[in-house]
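Trainee: Quick one: this structure, given as C-alpha cells, is what I'll be asking you about.
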Amino acid sequence: MICRFRFSVIAASLMLVASTQALEANYATAELPTLVSEPQHKAASVRITSSFETSHYKQFQLNDDFSSNVFDRYLETLDFNRLFLTQVEVDAMFKWRTSIDDQLRSGDTSAAYDIFNTALKQRFERYQYALALLDNEITFDAEEEMLIDRSEEPWAKNTDELNELWRKRVKNDALNLKLAGKAWPEIQETLSKRYNSALKRLIQTKSEDVFQVYLNAFSREVDPHTSYLSPRNAEQFQSEMNLSLEGIGAVLQVDDDFTVIRSLVAGGPASKSKKLSPGDRIIGVAQDDEQIIDVIGWRLDDVVQLIKGPKGSKVELQILPEGANAKSYNVTLVRDKIRLEDRAVKSEVIEQGSAKVGVISVPSFYVGLAEDTKKEIANLKKDNVSGIVIDLRNNGGGALSEASALTGLFIKGGPVVQVRDSYGRVKVNGDSDSKIYYDGPVTVLINRYSASASEIFAAALQDYGRAVIIGEQSFGKGTVQQHRTLQKIYDLGDKPLGHVQYTIQKFYRINGGSTQHLGVVPDISFPTAVDPEETGESVEDNALPWDSINPAAYKKVGELNSLFSNLDKAHQERIKTDTEFGYILSDIAEYKALKDDNAISLNEKARVIEQENADTKRLSRLNERQVELDKPPFKSLDDVPTDYEEPDAYLDEAALITLDLAKKLNS
C-alpha cells in the first residue's frame, strides 16, 4: 500500500520598435495532430470509474454536479493561467459540462478529446504569435506590469485581449534574458528556439497524453491523492518505489532536437563502458542486431522507452559527442539493474566541538528503506555519535509498511499506526521483532512538505515519547492509497491499460488522533514562511475530513514532555544571535510583505534596481560567512564557485537540539 502525495506547480512572461529579420515558426498549424481516443481507453475509463465508485474510501455521487467539477478541473489543467483560451472557446466547451459522468461510465471520451484539441490548437497559435512578436526589437522603458498568477482572472474576451497578455509575457521573457546580460540578437535567437520547441512538443502530443490528463481531472476530483498512471508512468512509479530500474544507467534530457546525456549513474553499464560522457548526444538506438533507428527530434519518453530493457539484453547507441566537428560512433551496452543510489537513505556526521551528531536523511519511504537504514545506524554507532537526527524534510511518503519497519528500529515493539477502511474496520500495524537498533537520543526534523508515511513515523515516535519532533507542522495527509493495474488476465495481447492509485484507508496515530489536515505538530518549532492555511492537505477542496478513533494499546517508552521547555528556551536563545537564522527571519518578513503582490514590473530600470538590491544582499551575506570562516571575501557574485552550498541552518540547529537532548537524558 502506498502512502504518499505529490505536488504539482504551474506558473507563467513588448513594446515593438525597430524592425529586424522576420522570424517564422518552424511548424505549421496543419502539422498539429487531431487526437482521438484509442481502443484501450474505453476499457480503461470504464474500469477506472467502476473501481472508484465501488472501492474508493470516499463515497461520492457521479452525477451532473460532479461532472461539472471534473469539467472545471480539466479546463484548469489545460489552461491554468488563462493564457490560451478566450471566453468564446470556453463557452463552446460548456456543452460537455454535465455529460462527463455518463461518458466516464460508458467509456466515451469524446468530451475529453474535443476540449483538448481546441486547447491544443489555441496553445499552438499563441506560440506562433509569440514568435511573430520577435520580429521587432523589444524595449523596456514603459511603466507597465504583468500579472504573475491569472488563475482567478476572467477569461480573455477575444484574441485581441489574448494578444495583449502575450505581448507582456514575451516582453517579460525577453527582459529576463536582457537582465542576464544578453543582447537583442541573442535574446531573439534564444526565444525563437524556446517557442519553436514548444510548438514541436505540441505537435508530438499523443492520444495517451490526453487520456491521462482527462482521467486525472476525474481522479483528483474524487480526492487529492487518487490518480491514473499511463503504462509508462506506472513503470516509472514502480522504479521510484523500488529505487531501481533496468537499463543503461544514464539520466537524459532534451536539448533542441537532441537527446542529451545529463549524467551517468555510478556503477551502471553506461558509466562502466568509459565510452559515454555527460553532454554526449544520442542520435540513434538499436535493439541487439537490429537496424539503428534515428531518434533526432523524438520525444524524450519515446527515446527512453527504446533504451530501457530487461537485464542482460543488448542495446546499441549511436553517439554524437559535443562539439561542432564531432564524429558519431556506436556503443553497444548490456542492460543491467540500476540502483538509484542518489534517492536512497544516507547518513553523515555533524561535529559540534568535541561532540558528534549523526544525521540520517530519508528522501522517501521506498521498498527496502528500513534495511538500508540499519546499515546507516551501524555506521553512526561506529562513529560514536551522541544522538541522531532523522531528516524527513520534503519527504512525501511512500510504502506504509516501511513506515512501520523504520519506526521499529527505534522501539522494542508495539503498534505504530492504525488503519481504517471504508467499512469502519480498524487494523493495527506495528513492530513485533522485540529488537531495537538504536536506543540513543533521537530527534525528527520535519517541514510542511513532510507527508504521509513521514507523518506516521514522526507521530509514532512522538506518541511513544521516543523522539523530539522539531521543525514545521507537517503536510497533513492521513490517507492510504492502493496501487493496482487495470489489466485483466483476458487482456493478453491488447495494449496495456495503465494503473490506478486510489484511497482505500485512512490512517490514525496510536493515540487515536489523525494527521489528516492537522499533520504532526512539532515539539520545538522553527521559524518558517510557510503558512499552513495556504499549503497542505487542509487547503485541498476535496480532501477527506479529520476525525479520530480509539487509541491503540501501547506504552510510552519515554517522558520527554518535561524537557521541551528547556530545550526550546536554549533553541530560542541560540537563534537570537545566530547569523543564519537572522537571514531566515529577515527573508520571512520580506516574503510575507511581498507574497500578495501578484504583479511584476516590465520596466528595465525598475527590474535592474530590484536585481542589484538582491545581488548586493546576497554578496553581503556571502562575505559575512567568509569572514566567520576566516576566508577572503568575494569581489563579486561571479567569483562564487558554482558548487557553493549555502549553510543548512535548520539541520545545524537540529543537531544542537539533539546534543541538548542527549545531555539532559544522560543527566
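Using the numbering used here, you'd call the opening residue of the sequence shown number -5 and step up by one each time.
Think of the CB as a built atom: it goes at the ideal place given N, C-alpha and C, for glycine as much as any other residue.
Here the structure is a predicted model, which is why all the values come from computation and not from measurement.
Starting from the C-beta of Gly281, find all residues in its chain whose C-beta is less than 7 angstroms away, skip the five residues before and the five after it, and write them out in chain order.
Mentor: First, the residue type needs correcting, since residue 281 is Gln and not Gly in the sequence shown. Answer for Gln281: Val309, listed in chain order.
Trainee: Just mark Pro635 as buried or exposed, buried being the case when its beta carbon has 16 or more other beta carbons within 10 Å.
Mentor: exposed
Trainee: Who are Asp288's beta bridge partners in DSSP?
Mentor: Gly278
Trainee: If you drop the 5 nearest sequence neighbours on each side, which residues of the same chain put their C-beta closer than 6 angstroms to that of Val254?
Mentor: Gln247 and Arg275
Trainee: Give every residue of the same chain whose Cβ lies closer than 7 angstroms to the Cβ of Ile578, excluding the five residues on either side of it in the sequence, and list them in chain order.
Mentor: Pro521 and Ala643
Trainee: Restricting to Cα atoms, I'd like to know which of Asp425, Lys489, Pro490 and Asn505 is closest to Gly459.
Mentor: The residue with the shortest Cα to Cα distance from Gly459 is Asn505.
Trainee: What residues are listed by DSSP as bridge partners for Gly465?
Mentor: Ile440 and Ser519
Trainee: Using CA coordinates, which residue listed in Lys586, Asp517, Thr473 and Asp572 is at the minimum distance from Ala523?
Mentor: Checked all of Lys586, Asp517, Thr473 and Asp572; the closest Cα to Ala523 is Lys586.
Trainee: Helix, strand or coil for Gln499 per DSSP?
Mentor: strand
Trainee: For Glu215, which residues of its own chain have a beta-carbon under 6 angstroms away from its beta-carbon, when the five flanking residues on both sides are left out?
Mentor: Asn63, Val64 and Arg67
Trainee: If the criterion is Cβ atoms closer than 8 angstroms, does the pair Ile181 and Leu171 meet it?
Mentor: yes
Trainee: Which residues in the same chain have their Cβ closer than 6 angstroms to the Cβ of Ser100, if we skip the five residues on either side of it in sequence?
Mentor: none
Trainee: Identify, in the order they occur along the chain, each residue of the same chain with its Cβ nearer than 8 angstroms to the Cβ of Val343, setting aside the five sequence neighbours on each side.
Mentor: Excluding five sequence positions before and after Val343, the CB atoms of its chain that fall closer than 8 angstroms to its own CB belong to Lys350, Val351, Gly352, Val353, Leu374, Asp377 and Val379, given in chain order.
Trainee: From Ala150 to Met140, what distance separates their C-alpha atoms?
Mentor: 15 angstroms
Trainee: My output table needs one value for Gln15: the three-state DSSP class, helix, strand or coil.
Mentor: Legend: pLDDT at Gln15 = 44, less than 50; position of this residue unreliable, no value from coordinates given.
Trainee: What is the rounded straight-line gap between the Cα of Ala86 and the Cα of Tyr107?
Mentor: 14 angstroms
Trainee: What does a CB cutoff of less than 7 angstroms around Lys305 pick up in its chain, not counting 5 residues either side in sequence?
Mentor: Glu240, Arg329, Asp330 and Lys331
Trainee: Among Ala228, Val533 and Val245, which has the Cα closest to the Cα of Gln206?
Mentor: Ala228
Trainee: Verify the CB distance criterion: does Asp108 have a CB-CB separation below 8 angstroms to chain C?
Mentor: Within the model displayed, chain C is absent; a lone protein chain is all it includes.
Trainee: Counting along the chain, where does the alpha helix (DSSP H) carrying Leu655 start and finish?
Mentor: Ala643 to Asn660
Trainee: Do three or more CB pairs link the segment 390 to 404 to the segment 436 to 456 at distances below 8 angstroms?
Mentor: yes
Trainee: Along the beta strand (DSSP E) that carries Gln312, what are the first and last residues, could you check?
Mentor: Lys308 to Leu314
Trainee: Would you mind giving the Cβ-Cβ distance between Val436 and Ala453, rounded to the nearest angstrom? I have them listed as a contact below 8 angstroms.
Mentor: That belief does not hold up - the Cβ atoms of Val436 and Ala453 are roughly 14 angstroms apart, past 8 angstroms.
Trainee: Taking the C-alpha atoms as reference points, what is the distance between Gly530 and Pro539?
Mentor: 13 angstroms
Trainee: Within 10 angstroms of the Cβ of Thr571, are there 16 or more other Cβ atoms? Answer buried if so, exposed if not.
Mentor: exposed
Trainee: One question on the structure: do Leu29 and Phe134 come within less than 8 angstroms of each other, judged by their Cβ atoms?
Mentor: Going by C-beta atoms, Leu29 is not nearer than 8 angstroms to Phe134.
Trainee: Please state whether DSSP places Asn111 in a helix, a strand or coil.
Mentor: helix
Trainee: Does the distance from the CB of Val410 to the CB of Asn389 come in under 8 angstroms?
Mentor: no
Trainee: Does the Cβ of Ile382 have 16 or more other Cβ atoms within 10 Å, making it buried, or fewer, making it exposed?
Mentor: buried
Trainee: Please state whether DSSP places Ala244 in a helix, a strand or coil.
Mentor: strand
Trainee: In whole angstroms, give me the CA-to-CA distance for Pro272 and Ala320.
Mentor: 15 angstroms
Trainee: Put Val40 into one of helix, strand or coil per three-state DSSP.
Mentor: In the three-state DSSP reduction, Val40 falls in the helix class (H, G or I).
Trainee: Distance check for Gly418 and Ala648, CA to CA, integer angstroms please.
Mentor: 39 angstroms
Trainee: Taking all protein chains shown into account, decide if Tyr323 is buried (16 or more other Cβ within 10 angstroms of its Cβ) or exposed.
Mentor: exposed
Trainee: Can you check whether the CB of Asn157 is closer than 8 angstroms to the CB of Tyr360?
Mentor: no
Trainee: Which whole-angstrom value is the C-beta distance of Gly492 and Leu480, which I expect to be below 8 angstroms?
Mentor: 6 angstroms
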